[in-house]
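Here the structure is laid out as structure tokens; the discussion comes afterwards.
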């Protein structure tokens, strides 16, 4: 079954729109196109609005619809997404076998389990203030600076409000430095002068951060701005740091998991993974290519382009740096979550009037819709076997995954895509499972 951003209050005010105009929900009507995915129409501004969007969800730029992913990049991420989808359909032990895990029995589980309270502190991570009134308020309100996705949340039955305003969304900024350390009463200690000690050895703080929101009641994670340590050191320390001095607890998927577990009575209630204001420079060209594949010249409003998980478009986005984070979270926590996979991916834009004169650049929003794999469809066999794959809308195909070699952290994988009877094609790709 394959089926971002730290926003300051001043920026919110700068992007506000005069008056009390709200973006209205997009009509629910949608159409099938030739790729069997759904496209919402119209994709322009609602008629009542006058005219005049990160190894990471790393903020590096806004979308350029003319910057299309190359065939090489497209095929790389598409194959990786297909590989993730196969592993997600497997039981924990079968996935462990496919990944050549050396534990007995093999397992896909992360070594980081539970709420990680002690481990997060041990490895130099700190919780910082992350303005909920800006980063956890998703209403379609022109006074808000970013991530106006209230229409989408309403359609899914999710609260748009932060917990501080009576909603269900909790904001987190988990940072690999301590913003409370002061040289004096006016100056913070710079990141490149901060260290933490483990067993007598000083480790440098990297300045990495994971900023996100959780709605445990409604079953949603909102990834906003994720910068992992090996990227952060180049930005904050100006030099490479030996891997041995980087925190062992470093993946975004593990940090997200630790906070998802905390005070959560229903860990399995995870069905929506949003990526807010996508600006990852490896993923945006993939999104531009998806839109081109669907004949779109602008980002559509919710429900946007809905990609069935048996489509190449969905596979490419699942295999992207952004998709790999949630793929790892589901793959490496099967014992607690159950066997989960994806039902569809939505590509859409924020509910902000298309008034470029006011500096409004469409914010790219992604939603990965998660589902439970039915027990009778979980693959319990070895990795070198056929498995069925369903998108949830009646389209089925057989996949054959064979892990053939391992070299320098990469995995050479041959995937045979089969129709009901006829062989379609085989492709080979080197993928890495350490991308999130």
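Numbering (mature numbering (1 follows the signal peptide of the UniProt record, and there is no 0)), first residue to last: -19 to -1, 1 to 417. Positions of the beta carbon are idealized from the N, C-alpha and C atoms, including for glycine. Only a predicted model underlies this, so the values are computations on that prediction, with no experimental measurement involved.
Quiz item: Can residue 329 and residue 283 be called in contact, C-beta distance under 8 Å?
Solution: Taking the chain shown and counting its residues from 1, one reaches residue 329 at position 348. Taking the chain shown and counting its residues from 1, one reaches residue 283 at position 302. Yes, Cβ-Cβ distance for residue 329 and residue 283 is below 8 Å.
### Query
Residues bridged to residue 156 by DSSP?
Numbered from its first residue, the chain shown carries residue 156 at position 175. Answer is 107, 190, bridged to residue 156.
Can you give me the Cβ contacts of residue 109 inside the same chain, cut-off strictly under 6 Å, excluding the 5 residues immediately before and after it? Position 128 of the chain shown, counted from the start, is the residue given in the question as residue 109. Cβ within range, chain order: 154, 156, 160.
According to DSSP, simplified to helix, strand and coil, what is residue 272?
For the purposes of this step, residue 272 is taken as the residue at position 291 of the chain shown. It is helical.
Specify whether the region 214 to 231 and the region 259 to 278 touch according to this definition: at least 3 beta carbon pairs, one from each stretch, less than 8 Å apart.
no
Under the three-state reduction of DSSP, which class applies to residue 162: helix, strand or coil? Residue mapping note: residue 162 aligns to position 181 of the chain shown, counting from 1. Coil, per DSSP.
Q.
Quick check on residue 47: does DSSP put it in helix, strand or coil?
A. The residue labelled residue 47 in the question sits at position 66 within the chain shown. DSSP places residue 47 in coil when its eight states are reduced to three.
query: By a C-beta neighbour count over all protein chains shown, 10 Å radius and 16 as the cutoff for buried, is residue 151 buried or exposed?
result: Position 170 of the chain shown, counted from the first residue, corresponds to residue 151. That one is buried.
- prompt: Can the beta-carbon of residue 201 be found less than 8 Å from the beta-carbon of residue 255?
  reply: Position 220 of the chain shown, counted from the start, is the residue given in the question as residue 201. Position 274 of the chain shown, counted from the start, is the residue given in the question as residue 255. Yes, these two residues count as a Cβ contact at 8 Å.
Exercise for the section: Buried or exposed for residue 83, please, with buried defined as at least 16 other CB atoms from any protein chain shown within 10 angstroms of its CB. Expected result: Locating residue 83 in the chain shown gives position 102, counting from the first residue. Classification of residue 83: exposed, given that the 10 Å Cβ count is below 16.
Q) Alpha carbon to alpha carbon, what distance is there between residue 77 and residue 351? A) What you label residue 351 is simply residue 370 of the chain shown in a count that begins at 1. What you label residue 77 is simply residue 96 of the chain shown in a count that begins at 1. Going from the Cα of residue 351 to the Cα of residue 77 covers about 21 Å.
| query | Unbroken alpha helix (DSSP H) runs of length 4 or more, entirely within the region 81 to 146: which are they? | reply | 98 to 103, 113 to 116, 131 to 137
**Asked** According to the neighbour-count rule (16 or more other Cβ atoms, all chains shown, within 10 Å of its Cβ), is residue 311 buried or exposed?
**Response** Counted from its first residue, the chain shown places residue 311 at position 330. When all chains shown are included, residue 311 counts as buried.
inquiry  = Just to confirm before moving on: does the CB-CB distance between residue 333 and residue 257 stay below 8 Å?
reply    = Here residue 333 is taken as the residue at index 352 of the chain shown, counted from 1. Here residue 257 is taken as the residue at index 276 of the chain shown, counted from 1. Contact: no.
Could you check the C-alpha separation between residue 238 and residue 194 for me, to the nearest Å?
The residue you call residue 238 lines up with position 257 of the chain shown. The residue you call residue 194 lines up with position 213 of the chain shown. Using only the alpha carbons, I get a separation of about 12 Å.
Q. For residue 314, which of helix, strand or coil comes out of DSSP?
A. To locate residue 314, count along the chain shown from 1; it is residue 333. Three-state DSSP puts residue 314 in coil, outside helix and strand.
So what does DSSP say about residue 390, is it helix, strand or coil? Locating residue 390 in the chain shown gives position 409, counting from the first residue. Because residue 390 carries a pLDDT of 47, less than 50, the predicted location of this residue cannot be relied on, and no value is offered for it.
Margin query: Taking DSSP's pairing of strands, which residues face residue 203 in a bridge?
Written below: Residue mapping note: residue 203 aligns to position 222 of the chain shown, counting from 1. Looking at the DSSP assignment, residue 203 forms a beta bridge with 194, 255.
In chain order, what residues of the same chain lie with their CB nearer than 8 Å to the CB of residue 101, ignoring the 5 residues before and after it? As a first step, residue 101 is located in the chain shown; it is residue number 120 there, counting from the start. Within the same chain, residue 101 has close Cβ partners 155, 230, 236, 239.
Given 8 Å, three or more beta-carbon pairs between the region 133 to 147 and the region 106 to 122
yes
* Which same chain residues, not among the five before or five after residue 145, have their C-beta less than 6 Å away from its C-beta? -> On the chain shown, residue 145 is found 164 positions in, with the first residue counted as 1. If we look at residue 145 and ignore the five residues flanking it on each side, its Cβ neighbours are 113.
Quick one: what does DSSP say residue 322 is sitting in, helix, strand or coil? If you number the chain shown from 1, residue 322 lands on position 341. In the structure shown, residue 322 sits in a strand (DSSP, three-state: E or B).
Q. Could you check where the alpha helix (DSSP H) with residue 236 kicks off and where it finishes?
A. Stepping through the chain shown from its first residue, residue 236 is reached at position 255. Counting along the chain, the alpha helix (DSSP H) containing residue 236 begins and ends at 233 to 242.
Rounded C-alpha distance that separates residue 207 from residue 136: Walking along the chain shown from the start, residue 207 turns up at place 226. Walking along the chain shown from the start, residue 136 turns up at place 155. C-alpha separation (whole angstroms): 26 Å.
- Measuring CA to CA, which of 361, 319, 360 is closest to residue 353? Start at 1 with the first residue of the chain shown, and residue 353 comes out as number 372. Answer by Cα proximity: 319.
Practice problem: Could you tell me the distance, in whole angstroms, from the CA atom of residue 169 to the CA atom of residue 75? | Solution: Residue mapping note: residue 169 aligns to position 188 of the chain shown, counting from 1. Residue mapping note: residue 75 aligns to position 94 of the chain shown, counting from 1. Straight-line Cα distance between these residues: approximately 49 Å.
Practice problem: Please go through the same chain and pick out, in chain order, the residues whose beta-carbon is closer than 7 Å to the beta-carbon of residue 210, but skip the five residues on each side of it. | Solution: Stepping through the chain shown from its first residue, residue 210 is reached at position 229. 157, 187, 189, 227, 228, 231, listed in sequence order.
Between residue 270 and residue 133, is the Cβ-Cβ spacing less than 8 Å? In the chain shown, residue 270 corresponds to position 289, counting from 1. In the chain shown, residue 133 corresponds to position 152, counting from 1. No. Outside cutoff.
query = What's the call for residue 66, buried or exposed, on a 16-neighbour Cβ count within 10 Å?
reply = Counting from 1 along the chain shown, the entry for residue 66 is found at position 85. With 16 or more Cβ atoms within 10 Å of its Cβ, residue 66 is classed as buried.
TODO: Report the three-state DSSP secondary structure of residue 73 (helix, strand or coil).
DONE: As a first step, residue 73 is located in the chain shown; it is residue number 92 there, counting from the start. Reduced to three states, the DSSP call for residue 73 is helix.
- In the DSSP assignment, find the unbroken beta strand (DSSP E) run with residue 185 in it and report its ends. Here residue 185 is taken as the residue at index 204 of the chain shown, counted from 1. 182 to 185 is the span of the beta strand (DSSP E), which, as asked, contains residue 185.
Which residues mark the beginning and the end of the alpha helix (DSSP H) in which residue 215 is found?
The count along the chain shown starts at 1 and reaches residue 215 at position 234. Per DSSP, residue 215 belongs to the alpha helix (DSSP H) from 210 to 217.
Output the boundary residues of the beta strand (DSSP E) element that contains residue 230.
Looking up residue 230 in the chain shown gives position 249. No beta strand (DSSP E) contains residue 230, which DSSP labels as neither H nor E.
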